[in-house]
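Trainee:
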Amino acid sequence: MEINAKELTVVFSRDGEAKKTALSGVTLHLKGGAAAALLGPIGSGKSTLLRTLAGLIKPTSGSVTVDGGEGPVVLAIQEPQRGFFAATVREEVAFGPENLDMEAAEVAARVDWALTAVDLKKERWTVSPFQLSGGEQRRVALAAALAMKPGFLLLDEPTIGLDGPGQTALITTLRKIKAETGIGLLVASHDPDFLFSLTQRVLLLVDGRLAADTTWGGLVEKVDTLRAYNLELPFLLSLLYRLEAAGAPVAAAQESEEQAWAELNRFCGERMKGGSGP
Numbered sequence: 096m097e098i099n100a101k102e103l104t105v106v107f108s109r110d111g112e113a114k115k116t117a118l119s120g121v122t123l124h125l126k127g128g129a130a131a132a133l134l135g136p137i138g139s140g141k142s143t144l145l146r147t148l149a150g151l152i153k154p155t156s157g158s159v160t161v162d163g164g165e166g167p168v169v170l171a172i173q174e175p176q177r178g179f180f181a182a183t184v185r186e187e188v189a190f191g192p193e194n195l196d197m198e199a200a201e202v203a204a205r206v207d208w209a210l211t212a213v214d215l216k217k218e219r220w221t222v223s224p225f226q227l228s229g230g231e232q233r234r235v236a237l238a239a240a241l242a243m244k245p246g247f248l249l250l251d252e253p254t255i256g257l258d259g260p261g262q263t264a265l266i267t268t269l270r271k272i273k274a275e276t277g278i279g280l281l282v283a284s285h286d287p288d289f290l291f292s293l294t295q296r297v298l299l300l301v302d303g304r305l306a307a308d309t310t311w312g313g314l315v316e317k318v319d320t321l322r323a324y325n326l327e328l329p330f331l332l333s334l335l336y337r338l339e340a341a342g343a344p345v346a347a348a349q350e351s352e353e354q355a356w357a358e359l360n361r362f363c364g365e366r367m368k369g370g371s372g373p
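Counting in the numbering used here, the sequence shown runs from 96 upward without gaps.
1. Among residues of its own chain, excluding the 5 on either side of Val106, which ones have a beta-carbon nearer than 8 Å to its beta-carbon?
2. Please give me, in chain order, every unbroken run of the alpha helix (DSSP H) with length at least 4 that falls completely inside the stretch 280-306.
3. Once DSSP output is grouped into helix, strand and coil, what is the label at Phe107?
4. Tell me which same chain residues have a C-beta within less than 7 Å of the C-beta of Ser223, skipping the five on either side of it?
5. Which residues in the same chain have their Cβ closer than 6 Å to the Cβ of Leu300, if we skip the five residues on either side of it in sequence?
6. Helix, strand or coil for Val184, going by three-state DSSP, please let me know.
7. Buried or exposed, going by whether 16 or more other CB atoms sit within 10 Å of the CB of Pro329?
8. Could you tell me which of Tyr324, Val169 and Gly313 sits nearest to Lys285, measuring between CA atoms?
9. Rounded to whole angstroms, what is the Cα-Cα separation between Asp207 and Leu298?
10. Report all residues from its chain with a CB closer than 6 Å to the CB of Glu365; omit the five preceding and five following residues, and keep chain order.
11. Can you tell me the Cα-Cα spacing of Gly259 and Lys216, whole angstroms?
12. Cβ atoms of Ala100 and Val121: under 9 Å apart, would you say?
13. Go ahead and label Gly372 buried or exposed: buried means 16 or more other beta carbons lie within 10 angstroms of its beta carbon, across all protein chains shown.
14. State the start and end residues of the unbroken alpha helix (DSSP H) segment that holds Ser333.
15. Is Ala242 near Ala209, with beta carbons less than 9 Å apart?
16. Less than 8 Å between C-beta atoms, sequence neighbours within five positions excluded: which residues of the same chain meet that for Ala129?
17. Let me know the secondary structure DSSP gives Thr309 once reduced to three states.
18. Kindly indicate which residue of Cys363, Thr147 and Ala131 has the alpha-carbon position closest to the one of Gly157.
19. How is the beta strand (DSSP E) around Leu195 delimited, first residue to last?
20. Would Phe291 and Leu332 be called neighbours here (beta carbons separated by less than 9 Å)?
21. State the Cα-Cα distance for the pair Leu237 and Glu112, rounded to the nearest angstrom.
22. Along the chain, where does the beta strand (DSSP E) that runs through Lys126 open and close?
23. Per the DSSP calculation, Glu97 is bridged to which residue(s)?
24. Could you check whether the stretch 306-326 touches the stretch 345-353, counting it as contact only if at least three pairs of C-beta atoms, one from each stretch, sit closer than 8 Å?
25. Measuring only the C-alpha atoms, how far is Met96 from Phe190?
26. Is it buried or exposed, Gln232, if we count other Cβ atoms within 10 angstroms and call 16 or more buried?
Encoded structure:
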């Protein structure tokens, strides 16, 4: 599956209010099976872009096309518990497939698979989603999206309200699902460390415009741009950047969390052996 957005512009207008341009001329191509991060300051248009790609907002101009593959483009919104309405977790997750006119057995199989995939304890499947913890509610929302068997999953600030262990569990779950299904991911978040752990490509959205389309290694070269918008590199890349700037024999432009750790461990190992450096 591939998503192609061409010259997307979204202008909101309300009676008596000035028009607001949320997106302006955004063009991008998302390849199936890949994982991309969506970074940007508050109010940069990230949520609007995700909703437009998911078909929930009609662009004022431009187009979105989805080519090839099976399964829809599904968006998991911020604070998904606000959208819960069913009496039980199972019913909540079953709502999407049921509206696709599937046989009851297929719906049940999808619900079982999705709830198992997000590692929600089985005894929680029959309780109200409103009785769950914040982390469990995130799992239910993710399961509801997965039950649709999407070809591409869009996540809008999925770590809001999660503590450290909750974020770690979400990372583990998303990695497992991606490995098992080959699903494409586009994740918007203000947490660069979370994004660095999951994605390879970085889309930087500023004032409704795509300011950069790069990799994590390439983002290291745009530190000044990030700082101008009060954005930061992931901690590991920031640490390597500071070491490199101080003259240490390290390469800051690493493309993944694993590569960044390997580079930092290599440098530390050489230091312990008496290697040169600050």
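In this text, a Cβ means the ideal position worked out from N, Cα and C, and glycines have one as well.
Mentor: The answer reads as follows:
1. Lys114, Lys115, Thr116, Ala117 and Thr155
2. 287-291
3. Residue state, collapsed to three classes: strand.
4. Ala182 and Thr183
5. Gly135, Ser139, Gly140 and Lys141
6. Helix.
7. buried
8. Correcting the residue identity first, residue 285 is His in this sequence and not Lys. Proximity to His285 across Tyr324, Val169 and Gly313 peaks at Tyr324, based on C-alpha coordinates.
9. 34 Å
10. If we look at Glu365 and ignore the five residues flanking it on each side, it has no Cβ neighbours.
11. 20 Å
12. yes
13. Here the model assigns Gly372 a pLDDT of 49, short of 50, so the residue's position is not dependable and the matter cannot be decided.
14. Phe330 to Ala340
15. Between Ala242 and Ala209, the CB-CB gap stays under 9 Å.
16. Gly279, Leu280, Gln295 and Arg296
17. strand
18. The candidate whose alpha carbon is nearest that of Gly157 is Thr147.
19. No beta strand (DSSP E) holds Leu195; DSSP gives it neither H nor E.
20. yes
21. Taking the straight line from one Cα to the other gives about 36 Å.
22. Lys115 to Lys126
23. Lys126 and Asp162
24. yes
25. 24 Å
26. Its Cβ being crowded by 16 or more others within 10 Å, Gln232 is buried.
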